[in-house]
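Residues in the sequence shown are numbered from 4 upward in steps of one, following our numbering. Every residue gets a Cβ at the ideal spot worked out from N, C-alpha and C, and that includes glycine. Note that the structure is a prediction, hence the values are computed from the model and not measured. Notes for the one structure printed next.
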Amino acid sequence: MNGVDMAADTPKEDYFKSYEDLEVHHLMLNDHPRTEAYRHAISANKAMFKDKVVIDVGAGTGILSVFCALAGAKKVYAIEASNLAELMKEVIKENKLSDKVEVIQGRVEDIELPNGDKADVLVSEWMGFYLLHEGMLDSVLNARDRLLKPGGSMFPDKADLWAAPCCLPSLYDFWEDVHGVSMQCVGKAWRRKKGNSPEVMTIDPEDLLGAGNLVASINLATVCMADLEKMSVKHVVAANSAGRYQGVCVWFTVRFPSGLVLSTAPSAPATHWKQTAIVLPEERTVEEAEPLAWELTLARDPEATRHYNIELVLLDPEEEKHPTPCSCHMTKCIVIRKFMEQQEDAEDEDFDEEEGEDDDEMEDDDEEYESDVEMNSEKQDLNDTKKTKENGAGGH
Ligand SMILES: C[S@@+](CC[C@H](N)C(=O)[O-])C[C@H]1O[C@@H](n2cnc3c(N)ncnc32)[C@H](O)[C@@H]1O
Ligand SMILES: [Zn+2]
Numbered sequence: 004m005n006g007v008d009m010a011a012d013t014p015k016e017d018y019f020k021s022y023e024d025l026e027v028h029h030l031m032l033n034d035h036p037r038t039e040a041y042r043h044a045i046s047a048n049k050a051m052f053k054d055k056v057v058i059d060v061g062a063g064t065g066i067l068s069v070f071c072a073l074a075g076a077k078k079v080y081a082i083e084a085s086n087l088a089e090l091m092k093e094v095i096k097e098n099k100l101s102d103k104v105e106v107i108q109g110r111v112e113d114i115e116l117p118n119g120d121k122a123d124v125l126v127s128e129w130m131g132f133y134l135l136h137e138g139m140l141d142s143v144l145n146a147r148d149r150l151l152k153p154g155g156s157m158f159p160d161k162a163d164l165w166a167a168p169c170c171l172p173s174l175y176d177f178w179e180d181v182h183g184v185s186m187q188c189v190g191k192a193w194r195r196k197k198g199n200s201p202e203v204m205t206i207d208p209e210d211l212l213g214a215g216n217l218v219a220s221i222n223l224a225t226v227c228m229a230d231l232e233k234m235s236v237k238h239v240v241a242a243n244s245a246g247r248y249q250g251v252c253v254w255f256t257v258r259f260p261s262g263l264v265l266s267t268a269p270s271a272p273a274t275h276w277k278q279t280a281i282v283l284p285e286e287r288t289v290e291e292a293e294p295l296a297w298e299l300t301l302a303r304d305p306e307a308t309r310h311y312n313i314e315l316v317l318l319d320p321e322e323e324k325h326p327t328p329c330s331c332h333m334t335k336c337i338v339i340r341k342f343m344e345q346q347e348d349a350e351d352e353d354f355d356e357e358e359g360e361d362d363d364e365m366e367d368d369d370e371e372y373e374s375d376v377e378m379n380s381e382k383q384d385l386n387d388t389k390k391t392k393e394n395g396a397g398g399h
């Protein structure tokens, strides 16, 4: 989630206390893309839950535990550190699942499952702003390593963090005309201060100036805590339109084992995570296809380990390695692009010629031709189903 304050340093006890606020849970439960993504991912994967032992790490009101029990789990251990655990027991009773769901109050780090039991599946909604804020992933990894059977499933099983250049009109326009007075210098100082702490806000997809680039891709089955200490990446992104380059927009996606993706991108249905903006103190006007380069670093704050310090350093695109292919207007990238297009055209021609030969062969063998068509249409159907599910989860 979360409703936990971005700026505040949260000592351990205060962190769990903040989750006793029912407003926070209402916000999360009422976040349809979030809750529906979990519901679809679990209910569409009944085979992974049927007669299995599940741990729900940070179960809150118990909603994910109920989804797992309804999907056929033999036993769900709903682990919750805060006093909300008491209310969760009522939720479980209200849904007549007390024989399946066992609520355990405590920090997951301090808990062993009854009779040394181990889980087949670990479910958790641990994501914070810009994915890592709140540091709850540490607790999930602790539970994975101690309480999940080797080879057990993680729900979700992959998390990706993205960044794209953007325009941030709400952080700029105000200062151009403050009741008729120009205050651009105040705006610059205000943004410089903000630059130190990223801004959680909704960013219009129209305000993105380039594609999303992967900052980090986390395999939740294998990642370890040391990997989460510091992440640093350099990007070169071609502006997809002319505009005012005012910052970098960061968002995340998580994927479930069925392939269903919960996205918090500006173009996806809105979630309570919104997006996170890293604002530049001064804007730059950019042309279409102009290369923009930066280095983005997320480093865990040694003083407040549930927080990350995010640093954005602008780089000179002339000095940096561009992706291949790159859609920027620099001569070297245009040349590479043209070369790759020619290669593709040549490959397409070769393929068309081979296809022509195959067609002739197929006419001689009708049975083989029929079965190939059937296989292809099956793949198509599967793809369509997956797309519908993804849209369904996002669109509710
Ligand atoms: C983001 S909420 C998710 C609640 C619920 N699973 C849902 O989806 O609505 C995270 C919950 O995990 C709990 N939590 C966080 N860290 C925990 C830990 N180390 N041990 C047990 N519970 C924890 C919090 O108190 C909070 O209720
Ligand atoms: Zn380029």
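If you count every other CB in all the chains shown that lies within 10 Å of the CB of N118, and 16 or more means buried, which is it?
As a first step, residue 118 is located in the sequence shown; it is residue number 115 there, counting from the start. Burial call: exposed.
Please report the distance separating the alpha-carbon of K20 from that of R247.
Here residue 20 refers to the residue found at position 17 when the sequence shown is read from its first residue. Here residue 247 refers to the residue found at position 244 when the sequence shown is read from its first residue. When rounded, the distance between both Cα atoms is 42 Å.
Within the chosen definition, does the stretch 263-276 reach the stretch 34-45 through at least 3 CB pairs nearer than 8 Å?
The answer is yes - the stretch 34-45 touches the stretch 263-276, with three or more Cβ pairs under 8 Å.
Quickly, what does DSSP pair S220 with across the bridge? List them, please.
One-based indexing of the sequence shown puts residue 220 at position 217. Answer is D163, bridged to S220.
N216 classed as buried or exposed, judged by whether at least 16 other C-beta atoms fall within 10 angstroms:
Along the sequence shown, one-based indexing puts residue 216 at 213. Counting Cβ neighbours within 10 Å, N216 comes out buried, since at least 16 surround it.
Distance cut-off 7 Å: M234 Cβ against heavy atoms of ligand 2
As a working mapping, residue 234 is identified with position 231 in the sequence shown. In this structure, M234 has its CB at a distance of at least 7 Å from all heavy atoms of ligand 2.
For a test of the three-state rule: what should DSSP assign to S156, helix, strand or coil?
Here the question's residue 156 lines up with position 153 in the sequence shown. Reduced to three states, the DSSP call for S156 is strand.
Nearest candidate by alpha-carbon position, reference K53, set G250, A74, F158, K196:
Working through the sequence shown from its first residue, we reach residue 53 at position 50. Closest by alpha carbon: A74.
I want to know whether the stretch 261-268 touches the stretch 315-331 - three or more CB-CB distances under 8 Å.
no
Do you know offhand how far E89's Cα is from P201's?
Locating residue 89 in the sequence shown gives position 86, counting from the first residue. Locating residue 201 in the sequence shown gives position 198, counting from the first residue. If you draw a straight line from the Cα of E89 to the Cα of P201, it comes to about 35 Å.
Is any beta-carbon of chain B found at less than 8 Å from that of D113?
Here chain B cannot be found, since the structure has a single protein chain.
Is H28 near ligand 1, in the sense that its beta carbon is under 7 Å from a heavy atom of that ligand?
In the sequence shown, counting from the first residue as 1, residue 28 sits at position 25. Yes.
Of all the options E352, H43, V257, which has the alpha carbon lying nearest to the alpha carbon of G131?
Against the sequence shown, residue 131 aligns to sequence position 128. It is V257 whose Cα lies nearest to the Cα of G131.
Any chance the CB of H325 is under 7 Å from a heavy atom of ligand 2?
Residue numbering aside, residue 325 sits at position 322 when the sequence shown is read from its first letter. The answer is yes for H325.
Within its chain, find whatever has a CB closer than 7 Å to the CB of E112; leave out the 5 residues flanking it on each side and keep chain order.
The sequence position of residue 112 within the sequence shown is 109, counting from 1. Contacts found: S142, N145.
Bounding residues of the alpha helix (DSSP H) (the contiguous stretch that carries S266)
Counted from its first residue, the sequence shown places residue 266 at position 263. S266 -> not in any alpha helix (DSSP H); beta strand (DSSP E) instead, spanning 264-266.
Please work out which residues of its chain come closer than 6 Å, Cβ to Cβ, to P208, disregarding the five sequence neighbours upstream and downstream, and give them in chain order.
Position 205 of the sequence shown holds residue 208. The answer, listed in chain order, is P269, S270.
Inspect the CB distances between the stretch 182-201 and the stretch 221-232 and report whether three or more fall short of 8 Å.
no
Let me check you understand the geometry: is the CB of V1 closer than 7 Å to at least one non-hydrogen atom of ligand 2?
Lying before the first or after the last residue shown, residue 1 is absent from the chain, which here runs from 4 to 399.
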